[in-house]
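Each residue of the sequence shown is one higher than the one before, starting from 2 at the first, in our numbering.
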Amino acid sequence: MSALPTEPTTSTSATKSASEPLLFNAPICRKQNGATTEPNGSTTAQAQSEASSRVAAAPAERKIKFYRNPMGLPDVSPVPKKDEMGMDYIPVYEDVLDVADVDTIKIEPSKIQRIGVETVAATRQHLAKSIRAPGTVAIDEQRIFVIAPRFESFVENVSSFTTGSSVKKGDTLLELYGKELVNQGAWLLVHVNASADAPGSVPKSTLITASRRLQDLGAPDDFIEAIERERRVPHTASVRAPRDGVVLERSVVPGQQLRAGDTAFRIADLSVVWVIADVPESEIANLKAGEAVTIRTRAHPGHMFSGTVALILPEIDLQTRTAKVRIEIDNAKRLLLPGMYADVEISAPEDAEALTVPTASIIDTGDRQVVFVAQDGGRYAPHDVKVGRSGGGYAEILQGLAEGDRIVMNGNFLIDAESNFQAAIKSFSTPRNVEARK
């Protein structure tokens with residue numbers, strides 16, 4: 002039996018046109034990181050170039066510029082640290098936009114009202130320099146005096162005045178007996194008697210000379226008058242206080258022998274006292290004698306004492322880097338006592354006008370000072386400024402502002418925090434890490 006002729010079997014793929022290339026004959030290509038791989042495993046030159054440029058575009062490890070306060074306060078640190086609440090300081094990277102990199106900060110009106118933003122105009126005015134320093138009340142050295150005899154003597158009697166007692170001018174402090182004093186008194190008495198018995202027999206100059214010798218020994222007036230009027234020489238001479246004061250030292254007792262010049266009492270007049278203030282070295286150039294001073298003490302809260310700068314001592318303390326400033330205070334009521342602590346405020350007004358803004362409006366980052374200038378539409382622009390003198394709650398602006406600029410005085414730290422947030426959001430649009438976008 003002869004086999005029947007059979008027709009060749011055809012597949013679905015055989016029905017396609019011969020001009021259409023078969024799929025299994027097409028070369029197999031793979032994508033690897035953007036590079037085209039040929040069937041033999043090699044990549045095209047263009048793909049290799051693109052891959053190399055992508056790798057080169059990947060940035061190196063981010064560098065930390067500094068660490069800022071987590072609460073937005075104007076405090077930065079070059080090293081990691083914690084704030085008073087134990088919160089870590091936030092690192093600020095060199096590739097992150099800073100306040101100065103943001104042209105303006107846009108804040109919604111509702112948010113401005115919530116954070117209580119207040120603005121004030123930069124104006125020109127006389128800047129009153131106010132210097133605060135601690136001080137101590139001291140005795141005026143020019144008002145200390147001693148009671149000392151000018152002749153060798155013995156103490157016959159001492160008054161009841163002791164250390165700390167107040168004395169009045171003319172109060173008797175002690176009674177002294179001195180041989181030399183009595184001898185000079187007798188010499189005066191001889192001439193007085195001779196002149197009385199034979200008027201004109203004793204020259205007037207002789208009487209004056211005898212009286213002058215007693216005065217040179219420190220004899221009081223009543224001692225000399227007793228010789229001239231009563232015709233007798235007193236046994237002792239009274240020593241009296243020459244002015245009002247407080248006894249600082251009593252160093253005599255009855256019966257004690259004193260040589261000429263020995264100190265019996267040290268007394269101080271406290272009607273005028275000094276306040277010695279420790280003024281920082283940086284403030285010395287702003288001081289001069291005659292400046293008005295206000296003094297406050299803990300012993301008299303609410304009471305202010307007025308005085309003037311008398312002297313700036315020409316020496317700087319090597320330990321505290323301060324200079325001693327002597328201030329004279331009227332103390333007629335004796336309210337200020339030596340040794341009291343005092344808070345000193347020295348007013349040094351400036352003659353020239355200066356462009357000023359409130360010190361509260363300045364944000365000090367440590368390496369620069371920034372203020373926010375209010376613009377239309379709820380926008381605020383940070384301006385770097387150069388600050389000069391300060392005083393009375395205002396600071397002089399040497400550079401960075403113009404007269405009339407509206408400066409944010411209240412809420413500037415919250416605006417600063419908002420600007421940092423906006424800067425961080427804006428920085429996200431800048432390509433930093435290729436792997437983060439894969």
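All C-beta atoms in this analysis are idealised placements derived from N, C-alpha and C, irrespective of residue type, glycine included.
- Note on Leu-312: under 16 other CB atoms within 10 angstroms of its CB, so exposed under the neighbour-count rule.
- Only exposed fits Gly-367, as fewer than 16 other CB atoms lie within 10 angstroms of its CB.
- Contact between Leu-271 and His-301 fails: their C-beta atoms lie close to 15 Å from each other, not under 8 Å.
- Straight-line measurement puts the Cα of Val-326 at about 36 Å from the Cα of Ser-78.
- Contact check for Thr-237 against Glu-329 fails: the beta carbons are separated by 7 Å or more.
- One alpha carbon belongs to Ser-160, the other to Val-147, and they sit about 16 Å apart.
- Per DSSP, the unbroken beta strand (DSSP E) holding Glu-157 starts and ends at 154-159.
- Val-183: member of the alpha helix (DSSP H) spanning 180-198, first to last residue.
- Rounded to whole angstroms, the separation of the alpha carbons of Gln-216 and Val-138 is 37 Å.
- A buried status is given to His-192, since no fewer than 16 other beta-carbon atoms sit within 10 Å of its beta-carbon.
- Counting along the chain, Asp-222 sits inside the alpha helix (DSSP H) bounded by residues 222-231.
- Here Ile-148 carries a strand assignment [DSSP, helix/strand/coil].
- Counted as a single uninterrupted DSSP element, the stretch harbouring Thr-360 is not any beta strand (DSSP E), since DSSP gives it neither H nor E.
- Excluding sequence positions up to five before and after Thr-321, its CB lies within less than 7 Å of the CB of Asp-279, all in the same chain and listed in chain order.
- In this structure Ala-220 is buried. Its beta-carbon is surrounded by 16 or more other beta-carbon atoms within 10 angstroms.
- Under the three-state reduction of DSSP output, Arg-214 falls in the helix class.
- Taking a contact as a CB-CB distance under 8 Å, the pair Pro-150 and Leu-314 does not count as one, their CB atoms being some 35 Å apart.
- Straight-line spacing of the CA atoms in Pro-92 and Asp-385 works out to 22 Å.
- With respect to the 7 Å criterion, Ala-123 and Glu-354 are not classified as neighbours on the basis of their beta carbons.
- Secondary structure at Asn-411: strand, using DSSP grouped into helix, strand and coil.
- In this structure, the beta-carbon distance from Glu-153 to Ala-261 falls below 7 Å.
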